[in-house]
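Chain order of the listed sequences is A and B. Read the first sequence against this note's numbering and you will find it ends at 271, with the numbers running on by one and no gaps. Read the second sequence against this note's numbering and you will find it ends at 712, with the numbers running on by one and no gaps.
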Amino acid sequence: MSSTQPPTMPEEIIGTTKPRPAHDAHVLTARRAGLVGCTVCGQVSHRGTAHCPRCGSVLHSRAPGGTQQVWAWLLAGLVFYIPANLYPMLITRTLGQEMASTIVGGALELIEYGDWGVGIIVLTASVGIPIGKFIAITLLALAVDKHWKLDRHRLLQLYEIVEFIGRWSMIDIFVVAVLSALVQLGFVASISPGPAAACFAASVAFTMLSARAFDTRMIWDRIGEQSD
Amino acid sequence: MESDLRGLTACHICDALCRDETPAPGQRVRCPRCGTPLRTGHARAIDQLLAISLAVLVLMGTALALPFLGLEGGGLAQEATVLDAAEAIGSGRAWPLGVAVGALIFAVPLTRALALCYVLLPLRHGHPPRPHARAAFRLAIELRPWSMAEIFVIGVAVALVKIAGLATVQLEPAFWIFVLLGVLVTLEDIALCRRSIWTMLG
Ligand SMILES: [Zn+2]
Ligand SMILES: [Zn+2]
Numbered sequence: 044m045s046s047t048q049p050p051t052m053p054e055e056i057i058g059t060t061k062p063r064p065a066h067d068a069h070v071l072t073a074r075r076a077g078l079v080g081c082t083v084c085g086q087v088s089h090r091g092t093a094h095c096p097r098c099g100s101v102l103h104s105r106a107p108g109g110t111q112q113v114w115a116w117l118l119a120g121l122v123f124y125i126p127a128n129l130y131p132m133l134i135t136r137t138l139g140q141e142m143a144s145t146i147v148g149g150a151l152e153l154i155e156y157g158d159w160g161v162g163i164i165v166l167t168a169s170v171g172i173p174i175g176k177f178i179a180i181t182l183l184a185l186a187v188d189k190h191w192k193l194d195r196h197r198l199l200q201l202y203e204i205v206e207f208i209g210r211w212s213m214i215d216i217f218v219v220a221v222l223s224a225l226v227q228l229g230f231v232a233s234i235s236p237g238p239a240a241a242c243f244a245a246s247v248a249f250t251m252l253s254a255r256a257f258d259t260r261m262i263w264d265r266i267g268e269q270s271d
Numbered sequence: 511m512e513s514d515l516r517g518l519t520a521c522h523i524c525d526a527l528c529r530d531e532t533p534a535p536g537q538r539v540r541c542p543r544c545g546t547p548l549r550t551g552h553a554r555a556i557d558q559l560l561a562i563s564l565a566v567l568v569l570m571g572t573a574l575a576l577p578f579l580g581l582e583g584g585g586l587a588q589e590a591t592v593l594d595a596a597e598a599i600g601s602g603r604a605w606p607l608g609v610a611v612g613a614l615i616f617a618v619p620l621t622r623a624l625a626l627c628y629v630l631l632p633l634r635h636g637h638p639p640r641p642h643a644r645a646a647f648r649l650a651i652e653l654r655p656w657s658m659a660e661i662f663v664i665g666v667a668v669a670l671v672k673i674a675g676l677a678t679v680q681l682e683p684a685f686w687i688f689v690l691l692g693v694l695v696t697l698e699d700i701a702l703c704r705r706s707i708w709t710m711l712g
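Right, here's the structure in full:
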């Protein structure tokens with residue numbers, strides 16, 4: 044297992060059922076074996092196969108264009124995040140009075156009225172997670188583009204966090220939806236979503252697409268081949 | 511030519527070429543290079559997964575028909591369903607947002623549950639997979655991040671706190687069904703071992 048010579052034949056591929064195998068083992072990659080792996084079902088095919096014979100998804104040994112798609116979606120997400128914060132998220136009308144609150148304003152209002160916990164949840168979901176995600180994806184894409192010698196397992200952990208947590212930013216959109224529905228039931232006040240709602244939803248969707256466009260296999264080959 | 515590749519699999523995270531092995535009961539197969547779990551499943555997992563998917567299907571159908579939240583005011587009691595929430599945010603020019611919210615909270619979870627049941631039912635009885643079962647399973651996998659029933663539940667909780675001073679809101683049956691759906695979707699993630707099912711699909 045500790046041999047530094049990468050195996051070259053399928054027979055030499057490390058058995059994987061051993062309890063907690065040594066990570067970072069030197070293994071033959073599908074690419075070096077002249078194969079292409081399917082990221083949906085794991086099936087390996089010969090290089091040049093266009094579609095996975097098992098699940099039908101398009102096969103790429105690595106994401107075409109490298110991190111280009113990641114950057115494009117990320118930029119779209121950033122562009123929509125700006126109006127999402129400048130325009131009102133929620134417009135409340137009570138007896139001729141109109142009140143508009145932005146994402147941050149609405150969260151601060153909750154904190155002001157003493158609903159600390161909920162205010163912080165909204166702030167985390169709508170500000171903390173999106174900004175953290177922009178930074179994390181930028182770091183991941185730069186690490187691949189610039190061949191930064193960073194710990195690959197750390198980068199993978201970062202990616203997994205981004206993938207897991209990113210969806211939770213949608214909370215505020217659902218809050219607005221439920222508030223609008225409840226208030227339409229016949230209140231003195233009326234609540235409607237502001238222009239920021241659509242911008243914010245688009246921003247979350249674009250950053251999710253950006254994370255999904257990131258091919259984690261690039262963390263391993265580019266960075267790995269540099270430091271090995 | 512394809513047969514020599516049968517027993518092999520590539521790690522979807524780091525591209526390591528591994529033998530596609532079945533784990534011992536209670537264990538999981540990890541990628542030797544990046545440590546990502548490749549296989550977690552055992553034979554009985556398919557029963558659990560099918561049970562969860564069927565439950566999601568039935569509960570989601572019920573939740574759409576039942577009231578979600580209720581308001582009392584002026585001697586009148588009114589109720590809103592989940593569909594009303596999607597409709598309310600998408601009124602007027604914001605209709606694409608309403609469609610998106612509707613998709614995220616019920617259309618996508620429902621489609622996933624349907625696809626999983628379609629794929630798993632014949633497998634459980636030892637029948638060959640139905641036509642397009644592989645495409646259906648791929649759809650279920652690719653839709654996962656866009657299925658947000660569990661996030662919706664948290665959104666509702668926050669909305670209730672926001673409105674607490676203005677009105678008394680009643681939690682109706684569909685709300686509790688959605689809470690249960692949130693739990694089930696999480697359990698489904700744990701029970702779902704993709705590679706095991708792909709192997710069964712051939
Ligand atoms: Zn495939
Ligand atoms: Zn791996």
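Quick reminder that beta carbons are idealized off the backbone N, C-alpha and C, glycines included. The structure presented is a predicted model; accordingly, all values stated were derived computationally and were not measured.
Mind checking if residue i is an interface residue toward chain A, Cβ cutoff 7 angstroms exclusive?
| i | result |
| --- | --- |
| B/Ile717 | Given a span of 511 to 712 for chain B in the structure shown, any question on residue 717 of chain B remains unanswerable. |
| B/Gly551 | no |
| B/Pro535 | no |
| B/Thr519 | yes |
| B/Ala610 | yes |
| B/Ile556 | no |
| B/Pro547 | no |
| B/Asp699 | no |
| B/Gly692 | no |
Have a look at the DSSP bridge pairing and note the partners of residue i.
| i | result |
| --- | --- |
| B/Ser710 | Here residue 710 of chain B turns out to be Met, not Ser, going by the sequence shown. Answer is none; B/Met710 lacks a bridge partner. |
| B/Cys528 | B/Thr519 |
| A/Thr110 | For A/Thr110, which the question treats as bridged, DSSP gives no partner whatsoever. |
| A/Gln140 | A/Thr137 |
| B/Leu697 | B/Leu697 pairs with nothing; no bridge assigned. |
| A/His94 | A/Val101 |
| A/Ile234 | A/Thr135 |
| B/Gln558 | BP columns for B/Gln558 are empty, so no partner. |
| A/His89 | A/Leu78 |
| B/Glu589 | B/Gly580 |
| B/Thr678 | B/Glu582 |
Would you mind sorting residue i into buried or exposed? The rule is 16 or more other CB atoms within 10 Å of its CB.
| i | result |
| --- | --- |
| B/Thr678 | exposed |
| A/Pro64 | In this prediction, A/Pro64 has a pLDDT of 42, which is less than 50 and means its spatial position is unreliable; what the coordinates show is noted afterwards. Buried. |
| A/Ser46 | Note that A/Ser46 has pLDDT 31, beneath the 50 cutoff, so the model's placement of it is unreliable and the number below is only indicative. Exposed, because fewer than 16 other Cβ atoms sit within 10 Å of the Cβ of A/Ser46. |
| B/Ile700 | exposed |
| B/Glu582 | exposed |
| A/Val101 | exposed |
| B/Ala596 | buried |
| B/Phe688 | buried |
| B/Glu698 | buried |
| A/Phe207 | exposed |
| A/Gly149 | buried |
| B/Trp605 | exposed |
| B/Glu660 | buried |
| B/Gly517 | exposed |
Residue i and residue j look like a contact to me (Cβ under 8 angstroms); what is the Cβ gap, rounded to whole Å?
| i | j | result |
| --- | --- | --- |
| A/Gly77 | A/His69 | Contact doesn't hold; Cβ gap of about 18 angstroms is too wide. |
| A/Ala168 | A/Asp215 | 6 angstroms |
| A/Val87 | B/Leu515 | 5 angstroms |
| B/Thr745 | B/Ile523 | The structure shown has nothing for residue 745 of chain B, since chain B only spans 511 to 712. |
| A/Ile174 | A/Leu117 | So it is not a contact: roughly 12 angstroms between Cβ atoms. |
By how many angstroms is the C-alpha of residue j removed from the C-alpha of residue i?
| i | j | result |
| --- | --- | --- |
| A/Phe123 | A/Val247 | 9 angstroms |
| B/Gly536 | B/Ala555 | 11 angstroms |
| B/Val609 | A/Val221 | 14 angstroms |
| A/Glu152 | B/Leu702 | 41 angstroms |
| B/Phe647 | B/Val695 | 16 angstroms |
| A/Glu268 | A/Gly99 | With a pLDDT of 49 at A/Glu268, under the threshold of 50, the modelled position of that residue is not reliable, and the figure given next carries that caveat. About 30 angstroms. |
| A/Ser144 | A/Ala241 | 15 angstroms |
| A/Gly209 | B/Ala650 | 19 angstroms |
| B/Leu624 | A/Leu193 | 42 angstroms |
| B/Pro638 | B/Pro632 | 7 angstroms |
| A/His94 | A/Val170 | 39 angstroms |
| A/His190 | A/Met261 | 10 angstroms |
| B/Leu614 | B/Ala526 | 34 angstroms |
| B/Gln588 | A/Ala224 | 11 angstroms |
| B/Phe685 | B/Val539 | 38 angstroms |
| A/Gln112 | A/Ala254 | 10 angstroms |
| A/Ala256 | B/Cys544 | 19 angstroms |
| B/Phe578 | B/Leu691 | 14 angstroms |
Beta-carbon of residue i versus every beta-carbon of chain B: anything under 7 angstroms?
| i | result |
| --- | --- |
| A/Ala239 | no |
| A/Ile125 | no |
| A/Pro64 | Reliability of the predicted coordinates at A/Pro64 is poor, the pLDDT of 42 falling under 50, and no value is obtained from them. |
| A/Ala143 | no |
| A/Asp258 | no |
| A/Gly85 | yes |
| A/Ala76 | yes |
| A/Cys242 | no |
**Request:** Return the residues of the region 213-229 of chain A that lie within a Cβ-Cβ distance of less than 7 angstroms from chain E, sorted by chain order.
**Result:** The structure shown contains no chain E; the protein chains it does contain are A and B.
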